[in-house]
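I have placed the structure first, in the form of structure tokens, so that the comments after it can refer back to it.
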Amino acid sequence: MSDTPSNVDMPEVSWTALGAAWTRAREGDRPDALFTDPLAAHFITAVGGEAPYIKAGEQARADADADPLANPFTAMGDYVALRTRWLDDLLRDAAADGIRQVVLLAAGLDTRAYRLDWPAGLRLFELDLPELVSFKENVLRAHDARPACDRIAVSFDLRDGWSTALRTAGFDPTRPTVWLAEGLLHYLTPEDNQAMLDDITALSAPGSQLATDHIEADMMGGSHAPTADSTGLKYDRLVKGGPGTTPATWLERSGWQAEEHAVADCAVRHGRPIPPLLDPDVPGSVKDGAVFLSARWNGPRTTAA
Ligand SMILES: C[S@@+](CC[C@H](N)C(=O)[O-])C[C@H]1O[C@@H](n2cnc3c(N)ncnc32)[C@H](O)[C@@H]1O
């Protein structure tokens, strides 16, 4: 059993969203912050200091000189902050290029609907499991949070016929869309990832984009399992395999034009250290353990006659 607090009822996988929210809350404390996320702290407060991830996060701050790979927050370093900023920039560029529909698959405690400057007419759909959506909506309501776009939060299990429900919620498949699947792929089986990608593709008008990241199972298993489990969650139960091939191959096989973006390059660009768990110079690290990906959809490939 994981040691989830009793004040919030969520499946174990949804507690992983707290880890990302904790990192985003702390990023705003830095003078060189890559973004600020003022609402993130409210989610942390709402679950209390004993929740999975929160204890590990506070421990990381207290033990600044300890082995970086012993704590998930020091091991992953600035990974979540870099990923957040990279996707913020991608969304800003897409909006500047005229995209007016965004879908956050497994949105977790993401608050981009509130903290980014969106153009008029932008619709942003957030999908996640029902208990997570309910917790998030309660906290946002308690703080009278007002989105900067037309935000639609919907409860779906991404393994189960979500595309019809998304259309019912107002999604327009004739409009180009930006899809984000951030911190998600490794929590789904290869079969579930493929079914999800098939649905995304079927709903994507030409000009749509998909951005994601992939974390290899090695990062949370084997000798790194105790680090992952110090979050208070059991990662051997949570991690289901991801796309089953390199994520770029997975996207390209379905007709998307994919581009990989090295986490280390993103770190260098922002003057941040490479996350220790990905840094080949750190003994025990997992080289190439994670990657950011962007992909474009230009319609079905036509085969020459
Ligand atoms: C690590 S969190 C990432 C959340 C968010 N994208 C972020 O980066 O902050 C993983 C999220 O995936 C969601 N999730 C996992 N499996 C899911 C499923 N089958 N259907 C919908 N959401 C799922 C969890 O509830 C959780 O919010």
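Heads up, the final residue of the sequence shown is numbered 429 in the numbering used here, and it's a clean run with no missing numbers.
Glycine included, C-beta positions come from ideal geometry on N, C-alpha and C.
Span of the beta strand (DSSP E) around residue i
{"i": "Val226", "result": "225–229"}
{"i": "Thr373", "result": "It is not in any beta strand (DSSP E) - Thr373 instead sits in the alpha helix (DSSP H) that spans 371–377."}
{"i": "Val137", "result": "First-last for Val137: undefined, no H or E at that position."}
{"i": "Val415", "result": "414–421"}
{"i": "Asp337", "result": "332–339"}
{"i": "Ala92", "result": "Summary: the structure shown does not reach residue 92, with the chain confined to residues 125 through 429, and so no result is reported for it."}
When the options are compared against residue i, the one with the closest alpha-carbon
{"i": "Pro254", "options": "Ala144, Ala237, Ala231, Ala266", "result": "Ala231"}
{"i": "Asp316", "options": "Ile223, Leu282, Val387, Phe167", "result": "Leu282"}
{"i": "Ala205", "options": "Ala218, Glu151, Arg224, Phe249", "result": "Glu151"}
{"i": "Ala372", "options": "Gly366, Glu383, Asp284", "result": "Glu383"}
{"i": "Ala272", "options": "Gly366, Phe249, Leu357", "result": "Phe249"}
{"i": "Gly356", "options": "Ala144, Trp139, Ser409", "result": "Trp139"}
{"i": "Gly408", "options": "Leu229, Thr313, Ala349, Ala293", "result": "Ala349"}
{"i": "Thr325", "options": "Val363, Gly345, Leu308, Pro297", "result": "Pro297"}
{"i": "Ser388", "options": "Phe295, Ala414, Thr369, Arg154", "result": "The amino acid occupying residue 388 in the given sequence is Ala; Ser does not appear at that position. Nearest C-alpha to Ala388: Ala414."}
{"i": "Gln333", "options": "Thr301, Val406, Leu362, Pro367", "result": "Thr301"}
{"i": "Asp337", "options": "Tyr311, Gly345, Gly331", "result": "Tyr311"}
{"i": "Asp212", "options": "Arg265, Thr351, Ala186, Trp242", "result": "Trp242"}
{"i": "Leu417", "options": "Val406, Ala319, Val410, Leu308", "result": "Leu308"}
{"i": "Gly245", "options": "Gly143, Val226, Ala266", "result": "Val226"}
{"i": "Asp156", "options": "Gly172, Arg209, Ala199", "result": "Arg209"}
{"i": "Val137", "options": "Gly395, Thr370, Val406, Val363", "result": "Val363"}
{"i": "Pro162", "options": "Ile223, Arg224, Asp234, Lys358", "result": "Asp234"}
{"i": "Ala299", "options": "Ser328, Arg291, Thr313, Pro314", "result": "Sequence inspection shows Arg at residue 299; the Ala mentioned does not correspond to that position. That would be Ser328, whose Cα lies nearest to the Cα of Arg299."}
{"i": "Ala352", "options": "Arg154, Ala175, Asp153, Ala199", "result": "Ala199"}
Same chain only: Cβ atoms within 7 Å of residue i, ignoring 5 sequence neighbours per side
{"i": "Ser354", "result": "Ala180, Asn195, Pro196"}
{"i": "Val263", "result": "His166, Phe167, Ala170"}
{"i": "Gly201", "result": "Pro397, Pro399, Pro400"}
{"i": "Ala218", "result": "Val302, Gln333"}
Contacts around residue i, its chain only, beta-carbon distance under 6 Å, and the 5 residues preceding and following it disregarded
{"i": "Asp323", "result": "Ser287"}
{"i": "Arg275", "result": "Ala237, Leu248"}
{"i": "Leu375", "result": "Ala382, Ala419"}
{"i": "Pro404", "result": "Lys411"}
{"i": "Ala289", "result": "Phe280"}
{"i": "Glu340", "result": "Gly413"}
{"i": "Ile223", "result": "Pro300, Val302"}
Residue i to residue j span [Cα, whole Å]
{"i": "Ala165", "j": "Pro424", "result": "43 Å"}
{"i": "Ala141", "j": "Leu251", "result": "13 Å"}
{"i": "Asp191", "j": "Met134", "result": "31 Å"}
{"i": "Glu304", "j": "Leu229", "result": "This sequence places Leu at residue 304; Glu is not what is there. Spanning the two alpha carbons is a distance of roughly 6 Å."}
{"i": "Pro148", "j": "Leu193", "result": "Reading the sequence as shown, one finds Arg at residue 148 and not Pro. When rounded, the distance between both Cα atoms is 20 Å."}
{"i": "Asp187", "j": "Arg361", "result": "28 Å"}
{"i": "Gln183", "j": "Asn131", "result": "22 Å"}
{"i": "His267", "j": "Arg185", "result": "27 Å"}
{"i": "Leu240", "j": "Ser279", "result": "23 Å"}
{"i": "Thr369", "j": "Asp342", "result": "14 Å"}
{"i": "Phe159", "j": "Val257", "result": "23 Å"}
{"i": "Gly143", "j": "Asp221", "result": "32 Å"}
{"i": "Arg358", "j": "Gly345", "result": "Position check: residue 358 holds Lys in this sequence, whereas Arg was assumed. About 10 Å."}
{"i": "Gly366", "j": "Pro314", "result": "5 Å"}
{"i": "Tyr203", "j": "Ala335", "result": "16 Å"}
Nonlocal neighbours in the same chain, by C-beta distance under 8 Å from residue i, ignoring five residues either side
{"i": "Glu261", "result": "Ala277"}
{"i": "Trp146", "result": "Ala164, Ile168, Tyr177, Ile178, Gly181, Phe197"}
{"i": "Asn422", "result": "Pro330, Gly331, Gln381"}
{"i": "Ala319", "result": "Arg283"}
Start and end residues, alpha helix (DSSP H) containing residue i
{"i": "Asp353", "result": "349–353"}
{"i": "Leu362", "result": "359–362"}
At which residue ranges does the stretch 169–212 contain complete alpha helix (DSSP H) runs of 4 or more residues, listed in the order of the chain? Qualifying alpha helix (DSSP H) stretches, in chain order: 178–186, 196–200.
Threshold first: 3 residues or longer. Then list the beta strand (DSSP E) segments lying entirely within the stretch 145–172, N to C. If one requires a minimum length of 3 residues, no beta strand (DSSP E) run lies completely within the stretch 145–172.
Sequence ranges, beta strand (DSSP E) only - wholly within the stretch 211–273, length at least 3: Segments of the beta strand (DSSP E) lying fully in the stretch 211–273: 225–229, 247–252.
Length at least 4, wholly inside the stretch 274–328: the alpha helix (DSSP H) runs in chain order: List check, alpha helix (DSSP H) in window: 286–292, 314–326.
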